[in-house]
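With the first letter of the sequence shown counted as 1, position 31 gets the number 361 in this note's numbering; the numbers rise by one all the way through.
Step one of this worksheet: look at the structure below.
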Amino acid sequence: MSTARVNSLAYCFQEVMTAILRVRFQRQEVSDSASFRSQMRRSLQAAMQEARSLGYSSESVQMAVFAVVAFMDESVLNLRSPAFADWARQSLQEELFGDHNAGETYFRKLRALLAQQDSPEVADTLEVYCLCLQSGYRGRYALGDSGELHQMLRQARDKIHRIRGAAYLVPPAAAPEVRPTRATDRWSRTLLITACGLAGLTVVAFAGFEFALGSGVSEIQNVSMNAR
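What follows is the structure, encoded as structure tokens:
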């Protein structure tokens, strides 16, 4: 595993992403929404500090935080749990960014990244957006045709390929669907740590199609199969 890729923008958010997936797939029950919210704010702050210590610009860090928080809000609200009634009144996105329409803004930011000049930092920021999409985030496409979403993912994959080179790229492959099961929390954490930490963006098996950047695809697919 490359140290440079472990110390990436996506890797900084591994703890937050793990928590989101545990809630999204109901592997963790949350009885105190306020406590969970405070914990997520602290984890986001820690991720931001780590990213800045690695030399990422404030703009890239804020772009990444926006994506992760949008994914968090969607995951929480889709549960329709009484425990998160206050979240429906004010999402974390609204609290932190004053944005009432993250489902639209997310894809405007993604398009802006696709239009930026190629650079390693742009590739790393795109990686965060793609990781959220691969993990299930849909935003404005939740109820409609996802063809445009898939097209943007392909464009992001091509851009990351251009920046990082073929050494980081493996062909897209369909991965087995992961459903909520009684699998242990160890699986959830292993999947996220591996997905964020392997060389480049690797397969995250929560979407209908895959793209991956790294050398650990087969390992993640094996983990996914074992979780079924």
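Built from N, CA and C at the ideal position, the CB exists for glycine as well.
Quick caveat, the model's predicted, so the values are computed rather than measured.
Residue i (DSSP reduced to helix, strand or coil)
i: Q464; result: helix
i: N408; result: helix
i: F366; result: helix
i: V458; result: helix
i: A377; result: helix
i: R371; result: helix
i: F437; result: helix
i: V360; result: coil
Straight-line Cα distance separating residue j from residue i
i: L374; j: T348; result: 12 Å
i: T380; j: A394; result: Residue identity differs from the one stated: residue 380 is Glu in this sequence, not Thr. Distance between the alpha carbons of E380 and A394: 13 Å.
i: A418; j: L384; result: 34 Å
i: H491; j: E451; result: 13 Å
i: Q356; j: Y467; result: 16 Å
i: V398; j: D488; result: 22 Å
i: P412; j: Y459; result: 29 Å
i: L443; j: M482; result: 11 Å
i: Q392; j: L479; result: 22 Å
i: V360; j: S476; result: 30 Å
Assumed close pair residue i, residue j - CB separation to whole angstroms, cut-off 8 Å
i: E424; j: S338; result: At roughly 28 Å, the Cβ-Cβ gap does not stay under 8 Å, so E424 and S338 are not in contact.
i: F427; j: F396; result: 6 Å
i: G433; j: G469; result: 3 Å
i: V346; j: S405; result: About 11 Å; that fails the 8 Å criterion.
i: D429; j: I493; result: No, D429 and I493 are not in contact; Cβ-Cβ is about 28 Å, not under 8 Å.
Contact under 8 Å by Cβ, residue i with residue j
i: S363; j: F437; result: no
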